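Engineer: Input: one structure, supplied below.
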Amino acid sequence: MAVLGGAASASGAFDSIMIYGISHMQGIGGLKAWQWTFLLESLPNIPLGIFTYLLLDKVPNAVQWFSNMEKQFLTNLLRNDAGVADNELTSDSRLSKRQMINVSTDWRIYLYSLIGLGNLIAVKCMTTLLPTLVTAAGYTKTQTHLITTIPYVFACICGILIGYSSSRRNEHGYHLILCFLVVLLGFILILTLPGQSKVTIIISTTVVCCGIFSALPLLLSWLTNNVGGHTKRSMAISLVMGIGQIGGIFQPLIYRDVDGPTYRRGHLICSAMILVSIITTIILRICLRKENNRRENLSLEQYRREASIKESCDLHPDARYSL
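Set out below in structure tokens:
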């Protein structure tokens with residue numbers, strides 16, 4: 093998950109470099125620079141999409157170049173990935189209505205969604221506003237394309253490092269809080285450092301990007317580790333990401349043109365949302381730890397009653413939540 097998140101950050105850096113190069117293609121082939129941008133960024137996706145559709149399948153059993161032994165091995169690996177938390181009624185079931193209902197009634201999913209919403213609001217705002225902030229610091233538009241690669245490069249490195257640390261220690265909550273604290277530090281630097289000089293804006297935006305882009309893979313890995321059942325897990329990811337995308341709607345309302353060039357109001361709102369994510373993360377981690385302790389001390393009658401529930405997934409008394 094950290095590698096995927098790092099790839100997303102790296103794509104931001106590559107995109108900035110690509111835009112810088114395309115800006116010098118004005119008039120080539122009778123096309124304007126913005127037309128070259130659409131062509132060069134969009135055309136490679138067509139063969140990639142065809143390649144992905146033809147060669148990548150949803151389940152191992154459908155992959156043509158796998159041997160029967162490899163298909164069976166991967167299928168068993170997926171079935172046993174979460175242990176008792178993936179106790180579907182039938183091993184070959186792909187969609188469970190019971191698990192779909194469980195997603196809407198599991199309050200933990202909504203806490204994950206609130207955490208993701210706070211982070212993705214900051215992500216949407218920063219990715220959109222970053223060129224504006226850099227340009228306002230005194231860089232030319234051409235220089236801005238190159239300078240904006242710096243935050244993305246550092247965000248890619250930080251995301252992979254903190255993801256490795258989280259995986260090695262099997263801990264997510266504290267790592268996620270650390271990322272959010274880094275984001276807050278970045279916004280504090282933007283708000284408090286004297287002036288909007290070239291150096292200060294690069295440092296502060298880099299700190300913010302390191303935090304927000306590192307937090308999202310951590311959140312998704314925490315979610316997938318703690319949600320059992322293939323249907324429930326898939327829908328939980330969709331719900332968390334779907335709610336998080338609402339942040340894109342808020343972006344023009346948070347960062348208004350009249351607040352430029354400092355955008356102090358927008359920075360304060362994003363800081364407040366990150367603070368909400370920190371508080372929610374603390375609450376969620378405490379609740380998960382208490383639930384683990386409760387399951388450790390169940391009576392035999394309570395254990396049998398909870399274990400008898402069909403497709404209980406991560407609610408099974410033998411399942412333990414990752415903290």
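Numbered per the numbering used here, the sequence shown spans residues 93 to 415.
The beta-carbon is built from N, C-alpha and C at its ideal position, and this holds for glycine as well.
Note that the structure is a prediction, hence the values are computed from the model and not measured.
1. I want to know whether the segment 187-202 touches the segment 338-354 - three or more CB-CB distances under 8 Å.
2. If I'm right that residue 214 touches residue 280 with Cβ under 8 Å, what's the distance once you round it to whole angstroms?
3. Can you have a look at residue 276 and say buried or exposed, based on whether 16 or more other CB atoms are within 10 angstroms of its CB?
4. Secondary structure at residue 211, three-state DSSP: helix, strand or coil?
5. Identify, in the order they occur along the chain, each residue of the same chain with its Cβ nearer than 7 Å to the Cβ of residue 250, setting aside the five sequence neighbours on each side.
6. From 332, 333, 382 and 357, pick the residue whose C-alpha is nearest to that of residue 343; which is it?
7. Should the segment 307-326 be called in touch with the segment 388-406, which here means at least 3 C-beta pairs below 8 Å?
8. Return the chain-ordered list of same chain residues with a C-beta closer than 6 Å to the C-beta of residue 372, the five sequence neighbours on each side being excluded.
9. Using a Cβ-Cβ cutoff of less than 6 Å, which residues in the same chain neighbour residue 221 once the five nearest sequence positions on both sides are dropped?
10. Using the three-state DSSP reduction, which class does residue 182 fall into: helix, strand or coil?
11. Ends of the alpha helix (DSSP H) at residue 398?
12. Residue 379 to residue 257, Cα distance in whole Å?
13. Taking residue 240 as the reference, give the member of 337, 268, 300 and 265 with the closest Cα.
14. For a test of the three-state rule: what should DSSP assign to residue 365, helix, strand or coil?
15. Taking just the CA atoms, how far does residue 318 sit from residue 434?
16. By the three-class DSSP mapping on this structure, what secondary structure does residue 266 have?
17. Smallest Cα separation from residue 201: which of 168, 120, 336 and 363?
18. With distance defined between alpha-carbon atoms, name the residue in 367, 411 and 381 nearest to residue 395.
19. Report buried or exposed for residue 284, applying the criterion of at least 16 other Cβ atoms within 10 angstroms of its Cβ.
20. Identify, in the order they occur along the chain, each residue of the same chain with its Cβ nearer than 6 Å to the Cβ of residue 399, setting aside the five sequence neighbours on each side.
21. By alpha-carbon positions, which one of 132, 119, 135 and 218 ends up nearest to residue 360?
22. Who are the near neighbours of residue 254 in its chain, counting only those whose CB is closer than 8 Å to its CB and skipping five residues on each side?
23. Consult DSSP for residue 338 and reduce its assignment to one of helix, strand or coil.
24. Is DSSP giving residue 409 helix, strand or coil here?
25. Measure the Cβ-Cβ separation of residue 278 and residue 289 and say whether it is below 8 Å.
26. Could you have a look at residue 251 and say whether DSSP puts it in helix, strand or coil?
27. According to the Cβ coordinates, are residue 377 and residue 415 closer than 8 Å?
28. Decide if residue 145 is buried, meaning its Cβ has at least 16 other Cβ atoms within 10 Å, or exposed.
29. Identify the continuous alpha helix (DSSP H) that holds residue 307 and give its terminal residues.
30. Return helix, strand or coil for residue 403, following the three-state DSSP convention.
Structural biologist: The relevant details are as follows:
1. no
2. In the sequence shown, counting from the first residue as 1, residue 214 sits at position 122. In the sequence shown, counting from the first residue as 1, residue 280 sits at position 188. Not quite, the Cβ-Cβ distance comes to about 13 Å (not below 8 Å), so this is no contact.
3. Along the sequence shown, one-based indexing puts residue 276 at 184. Classification of residue 276: buried, given that the 10 Å Cβ count is 16 or more.
4. As a first step, residue 211 must be located in the sequence shown, where it is residue number 119. Of the three classes helix, strand and coil, the one that applies to residue 211 here is helix, per DSSP.
5. Your numbering for residue 250 matches position 158 in the sequence shown. Excluding positions up to five away in sequence, the list reads 302 and 306.
6. Locating residue 343 in the sequence shown gives position 251, counting from the first residue. The shortest Cα separation from residue 343 among 332, 333, 382 and 357 belongs to 357.
7. yes
8. Residue 372 sits at position 280 when you count from the first residue of the sequence shown. Cβ within range, chain order: 203, 206 and 207.
9. Working through the sequence shown from its first residue, we reach residue 221 at position 129. Result list for residue 221: 347, in chain order.
10. Along the sequence shown, read from residue 1 onward, the residue named residue 182 stands at position 90. Low local confidence applies: a pLDDT of 49 at residue 182 is under 50, so the model's placement there is unreliable, with the coordinate-based value given in what follows. It is coil, neither helix nor strand.
11. On the sequence shown, residue 398 is found 306 positions in, with the first residue counted as 1. Per DSSP, residue 398 belongs to the alpha helix (DSSP H) from 392-399.
12. The count along the sequence shown starts at 1 and reaches residue 379 at position 287. The count along the sequence shown starts at 1 and reaches residue 257 at position 165. If I take the Cα positions, the gap works out to 23 Å.
13. Looking up residue 240 in the sequence shown gives position 148. For residue 240, the nearest C-alpha among the options comes from 300.
14. On the sequence shown, residue 365 is found 273 positions in, with the first residue counted as 1. Residue 365 falls in the helix class under three-state DSSP.
15. The requested residue 434 is not part of the displayed model; the chain covers only 93 to 415.
16. Translated into the one-based positions of the sequence shown, residue 266 becomes position 174. If DSSP states are grouped into helix, strand and coil, residue 266 belongs with the helices.
17. Reading the sequence shown from its first residue, position 109 is the one you call residue 201. Of 168, 120, 336 and 363, the residue nearest in Cα terms is 336.
18. Indexing the sequence shown from 1 puts residue 395 at position 303. Answer by Cα proximity: 411.
19. For the purposes of this step, residue 284 is identified with residue 192 of the sequence shown, where counting begins at 1. Residue 284 is exposed by the Cβ-count criterion.
20. In the sequence shown, counting from the first residue as 1, residue 399 sits at position 307. If the five residues before and after residue 399 are omitted, its C-beta is found closer than 6 Å to the C-beta atoms of 409, all from its own chain and listed in chain order.
21. Numbered from 1 along the sequence shown, position 268 holds the residue referred to as residue 360. The residue with the shortest Cα to Cα distance from residue 360 is 218.
22. Residue 254 sits at position 162 when you count from the first residue of the sequence shown. Same-chain partners within the cutoff: 94, 267, 270, 271, 306 and 310.
23. Here residue 338 is taken as the residue at index 246 of the sequence shown, counted from 1. It is coil, neither helix nor strand.
24. Working through the sequence shown from its first residue, we reach residue 409 at position 317. Coil.
25. Indexing the sequence shown from 1 puts residue 278 at position 186. Indexing the sequence shown from 1 puts residue 289 at position 197. It is not a contact, given that the beta carbons lie outside the stated cut-off.
26. Start at 1 with the first residue of the sequence shown, and residue 251 comes out as number 159. Reduced to three states, the DSSP call for residue 251 is helix.
27. The residue you call residue 377 lines up with position 285 of the sequence shown. The residue you call residue 415 lines up with position 323 of the sequence shown. It is a contact, given that the beta carbons lie within the stated cut-off.
28. The count along the sequence shown starts at 1 and reaches residue 145 at position 53. Residue 145 comes out exposed.
29. Along the sequence shown, read from residue 1 onward, the residue named residue 307 stands at position 215. From DSSP, the alpha helix (DSSP H) with residue 307 extends over 290-318.
30. The residue you call residue 403 lines up with position 311 of the sequence shown. Of the three classes helix, strand and coil, the one that applies to residue 403 here is coil, per DSSP.
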